[in-house]
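Peer 1: Take a look at this one; I'll ask things after.
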Amino acid sequence: LTNRLFVGTWNVGGKSPHDGLNLKDWLRSPSPSDVYVLGFQEIVPLNAGNVLGPEDSGPATKWLSLIRQALNGTKSVALNSNMGSEALPSPRTNLSGAAGDDGSKNPTKPRYRLMVSKQMVGIFLCVWVRADLNEHISNLKVSCVGRGIMGYLGNKGSISISMTIYQTTFCFVCTHLASGEKEGDEVRRNSDVCEILKKTRFNNHSYGDSLSPETILDHDNIVWLGDLNYRLATTHVETCELLERNDWEALLEKDQLKLEQKAGRIFSGWEEGSIHFAPTYKYLIDSDYYVAQACKSKDKLRIPAWCDRILWKGEALKQQWYIRGESKFSDHRPVSSSFVVNVRAKESNVKKKLVKSSSSCRKPSSRFCPTKSSPSTILPGVAKIQAEELLVIPATAGPRLSFCRPVH
């Protein structure tokens, strides 16, 4: 079976959204997707109260409401004419029963439903699915890893969601990695990635004839999204000169993520689409100007960079496009990507079993050696759902949130 997967990431700079914020620019697509995976960073200010105190769920609730409005309020999200023929393929016919079909038949029935949402301080990840696809999703689990203050608080880190769509396993990892553009800061970001891969655990419980993956790398398909915070290994003057010429190719040669990946220090074997858009950070709020173009203080100077990225690993994932949005709401521009995904359907009256063997199981390398898994709780009466501490199944009537404490 073929499905469409939309993935988006946005660092919203600690700002709570206003009611009139339009998300259609970010969620634009040639045709509706079957699954929307949307990750945020800094949905709350990263101050001591939010890092050490109770979760502030207010902004997350607002974001869910805006997403629901964007996905279910119209038949499809309109394309922006400046996306370009190179960035997007020609529109294709969507699968039978896709969003937009049932909307016209029954206006009161939502085309998309919130499958799960998870918040850890400022990181927030939610998954929306086409209404009729909901019943084909199982083994839903969530794991959080804190990598912030003292190496384990949740102002930096990851939220990972594991699920099985039909008979194919997926893992979506939303991260906010170590910040900073000093020499050597990329090593801290590399360390964050290694620790997230090592510490993320989905406790393996068997349901019927099915076994679900335990680690990120055990999944058939993985998408890693977020503010990875990798900067440009270049000077302010050189960066500004290349920006004026829109010479993204020359700038990308200085991109820390690509340099670290090429050197084999991180994300070995992972893929990222070609970047044909301007750096996504750091902008003046409500402006098209980078801070570097207007700031005279060296202390506040930030060299523009592609901090916001989407990478993937898995043979079933075929990327269709990789673009950025143009909302001026934050000092980051949102980024999105679309994939065509081939999933294995259930055989008639037969449930396939995920068999782990030395020949077929993808295990982390020695540098990602396993650690003791954190406790999980299985919700009473919901056999297909597991979570580390608490996972709330969203009702169609309104947004429901779940929160987790970081693993350390």
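For the sequence shown, the positions run 7 to 414 when my numbering is used. Virtual Cβ for every residue (Gly too), placed ideally from N, Cα, C.
Report buried or exposed for Tyr287, applying the criterion of at least 16 other Cβ atoms within 10 angstroms of its Cβ.
Peer 2: Answer is buried; the Cβ neighbour count reaches 16.
Peer 1: Gly190 by DSSP, collapsed to three states: which one?
Peer 2: In the structure shown, Gly190 sits in coil (DSSP, three-state: anything other than H, G, I, E or B).
Peer 1: Going straight from the alpha carbon of Trp134 to that of Thr241, what length do you get?
Peer 2: If I take the Cα positions, the gap works out to 41 Å.
Peer 1: Mind the definition here: the segment 10–30 touches the segment 65–75 only if three or more C-beta pairs lie below 8 Å; say whether that holds.
Peer 2: Short answer: they touch.
Peer 1: Rank Phe283, Ile165, Asp292 and Arg350 by C-alpha distance to the C-alpha of Ser342 and give the top, closest one.
Peer 2: That would be Phe283, whose Cα lies nearest to the Cα of Ser342.
Peer 1: By DSSP, does Thr69 sit in helix, in strand, or in coil?
Peer 2: Reading off the sequence, residue 69 comes out as Trp, not Thr. Correct three-state label for Trp69: helix.
Peer 1: Do the segment 319–329 and the segment 248–266 touch if we need at least three Cβ pairs shorter than 8 Å?
Peer 2: Counting Cβ pairs under 8 Å, fewer than three are found: no touch.
Peer 1: By how many angstroms is the C-alpha of Asn140 removed from the C-alpha of Pro219?
Peer 2: Going by the C-alpha atoms only, they are around 20 Å apart.
Peer 1: Which class does Gly45 belong to by DSSP, given the choice of helix, strand or coil?
Peer 2: Correct three-state label for Gly45: strand.
Peer 1: Using C-beta distances below 6 Å, list every residue in its chain close to Val13, excluding the 5 sequence neighbours before and after it, in chain order.
Peer 2: Once the five neighbours on either side are set aside, the close Cβ partners of Val13 are Val43, Val229, Leu231, Ile316 and Ser343.
Peer 1: Mapping the DSSP letters down to three states, classify Ile155 as helix, strand or coil.
Peer 2: Here Ile155 sits in helix by DSSP.
Peer 1: Between Cys200 and Ile272, what straight-line distance do the alpha-carbon atoms span, to the nearest angstrom?
Peer 2: Using only the alpha carbons, I get a separation of about 8 Å.
Peer 1: Would you tell me roughly how many angstroms separate the C-alpha atoms of Ile143 and Ile171, rounded to the nearest one?
Peer 2: Cα-Cα distance, rounded: 5 Å.
Peer 1: Who does Gly14 pair with in a DSSP beta bridge?
Peer 2: Looking at the DSSP assignment, Gly14 forms a beta bridge with Leu44 and Ser342.
Peer 1: Quick one: what's Tyr296 bridged to in DSSP?
Peer 2: Tyr289, per the DSSP bridge assignment.
Peer 1: Given Leu263, which residues of its chain have a CB within under 7 Å of its CB, disregarding the five upstream and five downstream residues?
Peer 2: Once the five neighbours on either side are set aside, the close Cβ partners of Leu263 are Leu234, Tyr236 and Arg315.
Peer 1: Entirely within the segment 211–253 and at least 4 residues each: give me those alpha helix (DSSP H) ranges in chain order.
Peer 2: Qualifying alpha helix (DSSP H) stretches, in chain order: 242–250.
Peer 1: The beta strand (DSSP E) that contains Gly55, what's its start and end?
Peer 2: No beta strand (DSSP E) contains Gly55, which is instead part of the alpha helix (DSSP H) from Ala54 to Leu58.
Peer 1: Please state if the CB of Ile202 and the CB of Val151 are separated by a distance shorter than 8 Å.
Peer 2: For Val151 and Ile202, yes; Cβs fall inside 8 Å.
Peer 1: Going by C-alpha to C-alpha distance, which of Val243, Lys352, Val148 and Val179 sits closest to Asn431?
Peer 2: There is no way to answer for residue 431, as the model of the chain reaches only from 7 to 414.
Peer 1: So Ile1 and Gly128 are supposed to be a Cβ contact under 8 Å. How far apart are they, rounded?
Peer 2: Nothing can be reported for residue 1, as the shown portion of the chain is limited to 7 through 414.
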